[in-house]
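Peer 1: Numbering (our numbering), first residue to last: 51 to 188.
The beta carbon of each residue, even a glycine, is placed where N, CA and C say it ideally should be.
1. Mapping DSSP to helix, strand and coil, what is residue 161?
2. My guess is that residue 128 and residue 112 are in contact by the Cβ rule of under 8 Å, so how many angstroms apart are they, rounded?
3. Let me make sure I understand the geometry here. Which of 98, 140 and 100 has the alpha-carbon closest to that of residue 165?
4. Can you tell me which of 100, 134 and 109 puts its alpha carbon nearest to the alpha carbon of residue 86?
5. Does DSSP put residue 93 in a helix, in a strand, or in coil?
6. Going by other Cβ atoms of all chains shown within 10 Å of its Cβ, with 16 needed for buried, is residue 146 buried or exposed?
7. Between residue 156 and the rest of its own chain, which residues show a CB-CB distance below 8 Å, the 5 nearest in sequence each way excluded?
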């Protein structure tokens, strides 16, 4: 079972968060699943003591959708981001307003982050490969 070590109530709380998700979160989840069908996006996924708004385990990427409830929550947001960074996750924060009025821009920002990770993990073309010399001698 996926959450066998999770504290009591974790799964139920995640379900409740998903059921009562604000429209910007649902809107972004649909867009992520359409834009990146090869990736598995989880909504309100438990991650340690926190719940990630959007989470892609394979890319180690968390996307937090900030609404009015995040105003004045910089301390708890920093604590959450610190935990996720220590666990190896990158966090992108987007606003409800951006999701609802500039979804293409939000998706492009996420695409850039995904490409940035991919580029860091793979050597560039011909990097680390000695050029072949003509004439068969090295």
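Peer 2: The relevant details are as follows:
1. Helix, per DSSP.
2. Separation of the CB atoms of residue 128 and residue 112 is rounded to 14 Å, and the pair is thereby denied contact status at 8 Å.
3. 140
4. 109
5. strand
6. Here residue 146 is buried: its Cβ has 16 or more other Cβ atoms, across all protein chains shown, within 10 Å.
7. 78, 81, 144, 148 and 149
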